[in-house]
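Residue numbers (full-length UniProt numbering): 1 to 55. Ideal Cβ placement from N, Cα and C applies to all residues, glycine included. Notes follow the structure.
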Amino acid sequence: MAAVFKPGEDNKRPGEYVEVGPRGGAVPDARVVHIDAGDRLPPTQEEGHRWRRRS
């Protein structure tokens with residue numbers, strides 16, 4: 001299973017990240033964001049959601 005990251009974490013690999021549930025499962029209307037080197041992961045739509053890097 002791919003690693004999940006909390007909102008606000010930084011120093012993650014640049015690329016696209018998709019919003020997932022607390023245990024890494026899919027969520028309805030999940031956000032997809034692109035971060036560059038040095039960017040922090042943005043807040044999620046609901047407390048407890050996390051981010052997973054798209055492959």
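Euclidean distance between Cα positions of residue i and residue j
i, j, result
"Arg40", "Tyr17", "11 Å"
"Gly38", "Ala2", "21 Å"
"His34", "Lys12", "11 Å"
Contact set for residue i: own chain, Cβ-Cβ below 7 Å, skip 5 residues either direction
i, result
"Val4", "Val20, Gly24, Arg50, Trp51, Arg52"
6 Å Cβ shell around residue i - same chain, five flanking residues per side excluded
i, result
"Gly36", "Here residue 36 is Asp; the residue named in the question, Gly, does not match the sequence. Same-chain partners within the cutoff: Pro14."
"Pro22", "Gly48"
Extent of the continuous beta strand (DSSP E) to which residue i belongs
i, result
"Arg52", "50-53"
"Gly24", "Gly24 -> no beta strand (DSSP E), and no H or E assigned at all."
Residues bridged to residue i (per DSSP)
i, result
"Glu9", "According to DSSP, Glu9 bridges with nothing at all."
"Glu16", "His34"
Cβ shell of residue i (< 8 Å), same chain only, five flanking positions each side left out
i, result
"Val32", "Glu16, Tyr17, Val18, Glu19, Arg54"
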